[in-house]
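Chains as they are written, first to last, in the numbering used here: chain A, -6 to 277; chain B, 102 to 318.
The beta carbon of each residue, even a glycine, is placed where N, CA and C say it ideally should be.
Bear in mind that the values here come from a model prediction, so they are computed numbers and not experimental data.
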Amino acid sequence: MSVTRPPLSERDWAQLSAYLDGKLNARQRAALERRLAAEPHLRQALTELHETVALLRALPTLPAPRNFTLDPTLYGRAPRRWRVAAALQLSGALGTALAVVLIVLGVLFPAQQSARPQNAPPAENVAWLPTASSTPTVAATPQALPTFAPPATAAPEEEALGGMAAPADEAAPPAQAFFAAPLGEAAEAEGAIPPALEGAPQPEAPTLREPQAPPPTLTPSPSPSATATPTPTPSATPTPTKAREKIAAPAPTTASRPRWWLVGAGSVILLVSLGLWRWGKRRA
Amino acid sequence: MNTQADENALVRAAQQGDVEAFNALVLRYQDLAYTVAYRVMGESEAAADATQEAFIAAFRKLRQFRGKNFRAWLLRIVTNACYDELRRRQRRPTVSLDALSNSPRPAAPSPLHAPPESPEQHLQRRELHDAIQRCLNALPAEQRIVAVLADVQGYSYQEVAHIARLRLGTVKSRLSRARARLRECLQAVRELLPAAYRLKDEPTRGPADPPQETQGS
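If you want it as structure tokens, here you go:
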């Protein structure tokens, strides 16, 4: 004959479960134990609950069916040491490239040496003007000269600029002559250099006295290359900077030297970069 | 503790992107992670998938780990992966957990660690584990995860609350409901359970006092 046990409420199950885990306070525990002593079905439920938990606890840890390790080639980020080494090598390589560019710029686009106006800014400052460094083709193409031809109007202010030249003591290397050499005008212009060197050589300045002895080719003989040069506006009173820009164009008259500050900076960067690169390679 | 210090070093290295260090942690915890996943999912392939997803997610989230208990943090990710997989299966019920639970023998994991035993004992043990797993599978997922963490893995209420991101009261209530259901389920298959797994202090029932639910096949 079967005995029908009264169903337990959810609260009864919660109390029994907490009792098993020792989570009842003293009062709750005492009250439940009184009920357990008086109610066999509650005691039976506790026993079965205990058995259930024991069965669950007896379940073993299962061995993984395979390794769940990650493939370093798919998920690997380089460890920090490798990333630092890679960064060092990369910065070294980039620095080397920058240094090479600086040195090449310094050698191939030299500063022009000639009379520098007395009060002109230092050559390094003027060098950033687009006249000397950024328009080498102008200096190398005397065909463009006719476009700058108005010697009569330019002469007075060039004289004025020449009077502002600051002294300089460096002789002009032949680099600029290299650009001007193929042209006959350059040879004539070279002749104008010595007096300029007595003054203050400056990249923009060399042509300041040129109008005093304009090359013969300054007479209008437009060439295709003239279109690439700034169209001159022979104004009577241009600003000094503009004047220097225009005057600097007939550069065949100037001598030049490598931009030693560029070469020097490039050399320093080159050394540092090579050091970084080697350091990174050692760490890698 | 030495192993704890070693684990902390592995975690720090893995946080820097060292996959080999992370794989050392994987090897250390993969059995635990797979077991939890298997108990929750009830099927070996799904458990393996969830475990793999969990380790991948753990590696990607490892920089966010700031605590001391890597195991609990990992198990949280494992349970989340199980939730995700269960939700995915509910949307595409190609493999039904109900079907698995009703099947005579669900996909069994690889051989268990056990002392030498006779073939009969081995079979009995397999049947017992299968029966328990079927009962676990029949639980609602939220109760199953709590029961697995608290009763199968033996974590405290606080640890379960931390891993499952639940309040203590929720852990208690879900656990009590899960135990009540499991008790009922196991009583249904009680006659199949090996006597060795019954509690020694279990009160004996007279023939006149059979458990009502004992009609298990």
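The closest CA to that of B:H263, considering only B:W174, B:V253, B:E218, B:R227, is found on B:W174. Proximity to A:G69 across B:R172, B:V290, B:R284, B:F160 peaks at B:F160, based on C-alpha coordinates. If you check the CB distance, B:R284 and A:T45 come in under 8 Å. Among the residues of the stretch 39 to 60 of chain A, those with a Cβ less than 9 Å away from any Cβ of chain B are T40, E41, L42, H43, E44, T45, V46, A47, L48, L49, R50, A51, L52, P53, T54, L55, P56, A57, P58, R59, N60, in the order of the chain.
Excluding five sequence positions before and after B:Y256, the CB atoms of its chain that fall closer than 6 Å to its own CB belong to L250, given in chain order. With respect to the 8 Å criterion, A:W270 and A:G99 are not classified as neighbours on the basis of their beta carbons. As a beta-bridge residue in DSSP terms, A:A104 pairs with A:R250. Counting the other Cβ atoms within 10 Å of the Cβ of B:T180 gives 16 or more, which makes it buried. Scanning the stretch 40 to 82 of chain A from its first residue to its last, no whole beta strand (DSSP E) run of 3-plus residues comes out. A Cβ-Cβ distance of about 5 Å is found for the pair B:T136 and A:T54, placing them in contact under the 8 Å criterion. Comparing alpha-carbon positions, the option among B:K162, B:A134, B:L269 lying closest to B:Q116 turns out to be B:K162.
In this structure, A:A104 lies away from A:R276, with their beta-carbon atoms at least 8 Å apart. Within chain A, no residue has its CB atom less than 8 Å from the CB of B:A239, the nearest being about 13 Å off.
Around the CB of A:T89, 16 or more other CB atoms lie within 10 Å, so the residue is classed as buried. In the three-state reduction of the DSSP assignment, B:R266 falls in the coil class. CA-CA distance, B:S145 to B:A138, rounds to 9 Å. The stretch 214 to 229 of chain B and the stretch 269 to 284 of chain B do not touch, with fewer than three beta-carbon pairs separated by less than 8 Å. For the pair B:G143 and B:L224, the CB atoms are not nearer than the 8 Å cut-off.
In the displayed model, A:G257 falls within a helix according to three-state DSSP. At least one C-beta of chain A is nearer than 8 Å to the C-beta of B:S274.
The continuous stretches of alpha helix (DSSP H) do not include B:Q165, and DSSP gives it neither H nor E. Non-local beta-carbon contacts of A:L255 in its own chain, meaning distances under 8 Å to residues more than five positions away in sequence, involve L95, I96, L98, G99 in chain order. With a beta-carbon spacing of about 6 Å, A:A11 and B:K273 fall inside the 8 Å limit used to define contacts. B:R282 and B:L240 have their C-alpha atoms some 7 Å from each other.
Assignment of A:L17 by DSSP, reduced to helix, strand and coil, places it in the coil class.
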